[in-house]
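The next block holds one structure in the form of C-alpha cells; read it before the comments.
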Amino acid sequence: MKLLVTGGAGFIGSNFVHYMLREHPEDTIINVDSLTYAGNLENLHAAAQQPNYQFARIDITDRSALRSIFEQGIEVVVNFAAESHVDRSILEPDVFVRTNVLGTQTLLDLSKEFGIEKFVQVSTDEVYGTLGDTGLFTELTPLAANSPYSASKAGADLLVRAYHETFGLPVNITRCSNNYGPYQFPEKLIPLMIQNALAGQSLPVYGDGLNVRDWLYVEDHCSAIDLVIRKGENGEVYNIGGNNERNNLQVVRTILKELNKPESLIAFVKDRPGHDRRYAIDATKIREQLGWLPKYNYETGIVETIRWYLSNHEWMERVKSGSYIKYYEKQYGEH
Ligand code: NAD
Ligand code: DAU
C-alpha cells in the first residue's frame, strides 16, 4: 500500500510514521509536511534511513506541488497536517482556517481526481464542544466547536463528509481525545509542565485547574488509525479514547511528584477564553466494530512519557530555541 501521510513531522504524525514502518514494512509512506514551528524532522531520524519512506516539504494548500505526489500512485491519504494549538488559534485564527479547512479541501479534491482508495481525516473530540460533569461524546453528539481551532477542524470534517456524500469519496473521520507521549511540542500541557518544572519555572494552570481531559497514549491513537485505514467502513466516523479522565491539576501534580519538585511551583493564571470544561470519549464503536484495544495504561504511560522527556532533554532544548520562545512570551509574559 502506498500512503500519503500529511503533517508527519509533528507529534502524532511522526509517531504514526514510526508505528507504520514497524508494523507494516511492506507499505510505502510519503510524508508531506510544510515544517511549521511544530514540524521537526529530528523526530523522524530513524524513519529517514528506511527505503520505503520519503519526505517532501510541501504545504497542503499548494495544489500543484501536491499533484506531483499524487502522480506517484497514492492509494491512501491520512491527513494529520493542521494548526493544532487552541491558544494559538485564539491569538491568530487565520492560519487555522487556511491550513485546516482549505488544506483539507485541497487534499480532498486531489484524492477525488486521482481516485484514491481511502481518505482518513484525523480529527478531534474538540469538534463536539464541551461536556458537563456527566456523559460522554459519541459519534452522534452534535458538532458544537467553541474555539477557532475546533471550528476549523469541524469545518474540515464537514467537507470530508460532503466529499463522501456528494462524490462518493471513500472517507473516514477519526475523533480522538488528548494524546500524550514522545515528541509533543512544549506548548501543550504535559511537555510544557515537564519542561517548566525541570527549569524550576512556575507551572501556569488556567482557571481553577479542574478542566478535564481524557488522555490517550499516542501509540494507541496510531493503532486505531491503522485499523480504520484497513477496516473502516466508508463514510463512518470513529471516536477514539482510552477512558482516562483526569483534571489538569491531577496531571500537573503527577508531573511534579515524578520530578520531585514542589507543588509551590503551581501558578493559577487567567483562564483560556472559551475554555471547554470537560472532554470524555465513548469509544464503543471502534472497539466493537473494528476490534480496537488500547495497550497503554495511563498511570504507567504518563511516567514513561515524563522519563522520555528527561532522557531527551537535548531534543527539548533544540525545539525551545526556535520560534517557540516568542510565542511563550506573548502567551505567558516574560519570565
Ligand atoms: P502538531 O502541531 O504537533 O503537528 C502538526 C504538523 O502539521 C506539523 O508537523 C506541521 O509542520 C504540519 N503542518 C501544519 N500546517 C501545515 C501545512 N499547511 N501544510 C503541511 N503541513 C503542515 O499536531 P499534532 O498534535 O501532532 O496533531 C496532529 C493532528 O491530530 C491534527 O490534525 C490534530 O487536529 C489532530 N489531533 C490531535 C490531538 C492531540 O492531542 N494532539 C488529538 C486529536 C486529534
Ligand atoms: O482533545 C484533543 C485536543 O487536545 C487536540 O485536538 C488539540 O490539538 C490538542 O492541542 C489538545 O487540546 P487541549 O486544548 O485540550 O490541549 P492543551 O494541552 O492545550 O491543554 C490541555 C488542558 O490544559 C486544557 O484544559 C488547558 C490546560 N492548560 C494548557 C496549557 C498549555 C493549562 O492549564 N495551562 C497551559 O499552559
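One gets the working numbering by counting positions in the sequence shown from 1 and adding 17 to each. Beta carbons: idealized from backbone N, C-alpha and C, even for Gly.
Assigned exposure category for Q66 - 16 Cβ within 10 Å defines buried: Taking the sequence shown and counting its residues from 1, one reaches residue 66 at position 49. Label assigned to Q66: exposed.
Beta-carbon gap between N69 and P110 smaller than 8 Å: Translated into the one-based positions of the sequence shown, residue 69 becomes position 52. Translated into the one-based positions of the sequence shown, residue 110 becomes position 93. It is not a contact, given that the beta carbons lie outside the stated cut-off.
E346, buried or exposed, once every other Cβ within 10 Å from all chains shown has been counted against 16: Mapped onto the sequence shown, residue 346 falls at position 329. When all chains shown are included, E346 counts as exposed.
Contact under 8 Å by Cβ, E143 with Y166: In the sequence shown, the residue the question calls residue 143 occupies position 126. In the sequence shown, the residue the question calls residue 166 occupies position 149. In contact: E143 and Y166 (Cβ atoms closer than 8 Å).
Rounded C-alpha distance that separates L227 from L58: In the sequence shown, counting from the first residue as 1, residue 227 sits at position 210. In the sequence shown, counting from the first residue as 1, residue 58 sits at position 41. In a straight line, the C-alpha of L227 is about 35 Å away from that of L58.
Residue environment, R105, which counts as buried when at least 16 other CB atoms sit within 10 Å: On the sequence shown, residue 105 is found 88 positions in, with the first residue counted as 1. It counts as buried.
C-beta atoms of N195 and L233 nearer than 8 Å: Looking up residue 195 in the sequence shown gives position 178. Looking up residue 233 in the sequence shown gives position 216. Yes, Cβ-Cβ distance for N195 and L233 is below 8 Å.
Residue from T151, P221 and V118 whose Cα sits closest to the Cα of L176: For the purposes of this step, residue 176 is taken as the residue at position 159 of the sequence shown. When each option's Cα is compared against that of L176, the closest is V118.
Pairwise C-alpha distance: R304 and E236: Position 219 of the sequence shown, counted from the start, is the residue given in the question as residue 236. Position 287 of the sequence shown, counted from the start, is the residue given in the question as residue 304. Going by the C-alpha atoms only, they are around 16 Å apart.
7 Å CB neighbourhood of I283 in its chain, flanking five on each side removed: In the sequence shown, residue 283 corresponds to position 266, counting from 1. So the list reads L220, V222 and V269, once near-sequence residues are dropped.
Any non-hydrogen atom of ligand 1 closer than 7 Å to T123 Cβ: As a working mapping, residue 123 is identified with position 106 in the sequence shown. No, the Cβ of T123 stays beyond 7 Å of every heavy atom of ligand 1.
Closer than 7 Å: S353 CB and nearest ligand 1 heavy atom: This structure leaves residue 353 out entirely; the chain is present only between 18 and 352.
G318 beta carbon near ligand 1 (any heavy atom closer than 7 Å): If you number the sequence shown from 1, residue 318 lands on position 301. The answer is no for G318.
7 Å Cβ shell around V320 - same chain, five flanking residues per side excluded: Start at 1 with the first residue of the sequence shown, and residue 320 comes out as number 303. Within the same chain, V320 has close Cβ partners E275.
Alpha helix (DSSP H) segment containing N265, residue limits: The residue you call residue 265 lines up with position 248 of the sequence shown. Unbroken alpha helix (DSSP H) run through N265: N265 to E275.
Euclidean distance between Cα positions of V188 and F28: Numbered from 1 along the sequence shown, position 171 holds the residue referred to as residue 188. Numbered from 1 along the sequence shown, position 11 holds the residue referred to as residue 28. The straight-line gap from Cα to Cα measures roughly 23 Å.
Check: N261 C-beta below 7 Å from any heavy atom of ligand 2: The residue given as residue 261 occupies position 244 in the sequence shown. Incorrect: N261 has no Cβ contact closer than 7 Å to ligand 2.
Ligand 1 heavy atom lying under 7 Å from the CB of E322: By one-based count along the sequence shown, residue 322 stands at place 305. In the sequence under discussion, the amino acid at residue 322 is Thr, which differs from the Glu named in the question. False, no ligand heavy atom lies under 7 Å from that Cβ.
One or two residues paired with N96 in a DSSP bridge: Residue numbering aside, residue 96 sits at position 79 when the sequence shown is read from its first letter. For N96, which the question treats as bridged, DSSP gives the partners T23 and Q138.
V103, enclosing alpha helix (DSSP H) - first and last residue: The sequence position of residue 103 within the sequence shown is 86, counting from 1. Boundaries of the alpha helix (DSSP H) harbouring V103: V103 to L108, taken from the DSSP string.
Three-state secondary structure assigned by DSSP to Y36: Against the sequence shown, residue 36 aligns to sequence position 19. Looking at Y36 - three-state DSSP - the assignment turns out to be helix.
Where the beta strand (DSSP E) containing F72 begins and where it ends: The residue labelled residue 72 in the question sits at position 55 within the sequence shown. For F72, the enclosing beta strand (DSSP E) begins and ends at Y70 to R74.
Collapsed DSSP secondary structure at I91 in the structure displayed: Looking up residue 91 in the sequence shown gives position 74. Coil at I91, not helix or strand.
Three-pair Cβ contact test at 8 Å for the stretch 291-307 versus the stretch 138-154: Result yes; three or more Cβ-Cβ pairs closer than 8 Å.
Beta carbon of T78 nearer than 8 Å to that of G120: Residue numbering aside, residue 78 sits at position 61 when the sequence shown is read from its first letter. Residue numbering aside, residue 120 sits at position 103 when the sequence shown is read from its first letter. Yes, Cβ-Cβ distance for T78 and G120 is below 8 Å.
Counterpart residues of F113 in DSSP-defined beta bridges: Here residue 113 refers to the residue found at position 96 when the sequence shown is read from its first residue. Its beta-bridge partners do not exist; DSSP assigns none.
Whether I91 touches K170 by CB criterion (8 Å): Within the sequence shown, the letter at position 74 stands for residue 91. Within the sequence shown, the letter at position 153 stands for residue 170. Result no, Cβ atoms of I91 and K170 do not sit closer than 8 Å.
Beta-carbon spacing of G198, D231 below 8 Å: The count along the sequence shown starts at 1 and reaches residue 198 at position 181. The count along the sequence shown starts at 1 and reaches residue 231 at position 214. The answer is no: Cβ separation not under 8 Å.
Spatially closest choice to A55 from D44, P311, G132 and Q201, by CA coordinates: Locating residue 55 in the sequence shown gives position 38, counting from the first residue. It is Q201.
Limits of the beta strand (DSSP E) - the one that V188 falls within: Position 171 of the sequence shown, counting from 1, holds the residue named residue 188. First-last of the beta strand (DSSP E) with V188: V188 to C193.
N48: CB within 7 Å of a non-hydrogen atom of ligand 1: In the sequence shown, residue 48 corresponds to position 31, counting from 1. No - ligand 1 has no heavy atom lying nearer than 7 Å to the Cβ of N48.
Continuous beta strand (DSSP E) stretch holding I77: start and end: Taking the sequence shown and counting its residues from 1, the one referred to as residue 77 is at position 60. From DSSP, I77 is part of no beta strand (DSSP E); its letter is neither H nor E.
N-terminal and C-terminal residue of the alpha helix (DSSP H) that V320 is part of: Numbered from 1 along the sequence shown, position 303 holds the residue referred to as residue 320. Here the alpha helix (DSSP H) through V320 covers Y315 to S328.
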